[in-house]
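Contents: one structure, followed by commentary.
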Amino acid sequence: MEARTCRACGFRLVGKVRPLILLGALLLAGCTPPRQTPPPRVAEPRPHLPITRYVPPAPPAPAVSTAKPFEQTITLGQSVEGRPIQMTVLGAGGETTLILAAFHGNEPTSADVARELIRHLRENPQVYQGRRVAVVAVVNPDGLARGTRENAHGVDINRNFPAGNFPADPDRNYEGGPYPVSERETLAVLTALRQLAPARIVSIHSIRRGEHGNNYDGPARQLAAQMGRCNGYPVLASIGYPTPGSFGVWAGIDQQIPTVTLELPREADAGTCWRENREALLAAIRFQAGSPTQITGPVPLSRTGVGK
Ligand SMILES: [Zn+2]
């Protein structure tokens, strides 16, 4: 008997078997063609990774702002003769200090000091970081152009405010106007206060040397004292004469907004006034209400003079 061997599985077959029968037998026996055995996998060498403590990635570097500090110019209104009354606002928010100057057109150094303050603040934005400063360098542009104390209507803007002491029946010689806020310039200042709700106000004027000082109205004695340490000017509870309808009486006493009327020595030039008052104005901007302040010596309560 002829012996044959299965090519697929090596099973030895005996006798003559037809191919179909052979295939059926293979299937029944579960004989399948041998599989190709894959070669054993050889692990690829890995780079050596030292085991170290996990160090979180460094946080992204803080963004460096290249934007200009916030500054805005607001036109509060127009004078009698149509000149714009403008306010420069520096800083986006926080406590606001309002600086006003040139209520009286014959006190030009007050406007010069206010303009110098704007320039200084632009160059030193850290001064008002987290705070806001608003400066109206010229409240009375017509008076400044004419060199007169009053506006183009002949009204003293610093007597035209709706203060409790505004004369009920002003006589013909009263330069405070026929009624409170009869003048555009007065309205412009009121607009500034309505927009800003300032925490404190410095109103810059000038007066004869020897009568200059930090004259405060309302809860501003500490503020005036702080400014006095910087400019060396006396702290004045009163300028020494009645000021019916004045801005100081209205804002400081009636509205209880700390208000200092900074009276510059009128004889001093603008440069001197700025040098003497730069730190005083910056102290007003940085002033912290409630900070302990000791005022030594008597505070003058009575003076004579004109100018405020
Ligand atoms: Zn004045």
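Residue numbers (my numbering): 13 to 320. Beta carbons: idealized from backbone N, C-alpha and C, even for Gly.
Near ligand 1: residue 173 beta-carbon under 7 Å from a heavy atom: no
Cβ pair residue 276, residue 122 closer than 8 Å: Their beta carbons are under 8 Å apart, which means residue 276 touches residue 122 by this criterion.
8 Å contact criterion, which residue 197 and residue 97 should meet: CB distance rounded: Indeed they touch by this definition, with Cβ atoms about 6 Å apart.
Residue of 89, 284, 290, 266 minimising C-alpha distance to residue 321: No statement about residue 321 is possible, as the shown extent of the chain runs from 13 to 320 and does not include it.
Distance CB(residue 125)-CB(residue 282) smaller than 8 Å: yes
Test item: CB-CB of residue 262 and residue 175 under 8 Å: yes
heavy atom of ligand 2 below 7 Å from residue 170 C-beta: Absence of ligand 2 from the depicted structure is noted, with ligand 1 being the only ligands included.
Boundaries (first-last residue) of the alpha helix (DSSP H) holding residue 275: For residue 275, there is no enclosing alpha helix (DSSP H); the enclosing beta strand (DSSP E) has its first and last residue at 271-277.
Cβ separation of residue 106 and residue 144, assumed to be a contact under 8 Å, to the nearest whole Å: 5 Å
Through-space distance from residue 256 to residue 163, alpha-carbon basis: 17 Å
Rounded C-alpha distance that separates residue 308 from residue 237: Note that residue 308 scores a pLDDT of 38, beneath 50, so its modelled location is shaky and nothing firm can be said.
For residue 81 and residue 253, the rounded distance between their alpha carbons: 42 Å
N- and C-terminal bounds of the beta strand (DSSP E) containing residue 227: 225-229
Reduced DSSP secondary structure (H/G/I, E/B, other) of residue 38: Low confidence applies here, because residue 38 scores a pLDDT of 48, under 50, leaving its location unreliable; read the following figure in that light. Residue state, collapsed to three classes: helix.
Three CB pairs or more closer than 8 Å across the region 85-93 and the region 241-253: no
Own chain partners of residue 84 with C-beta closer than 6 Å, once the 5 adjacent residues on each side are dropped: 101
Beta-carbon proximity list for residue 210, same chain, < 6 Å, skipping 5 on both sides: 108, 110
Other residues of its chain near residue 297: CB distance less than 7 Å, five sequence neighbours each side excluded: 109, 139, 140, 143, 145
For residue 151, the nearest candidate out of 295, 189, 117 (CA to CA): 117
Through-space distance from residue 274 to residue 264, alpha-carbon basis: 13 Å
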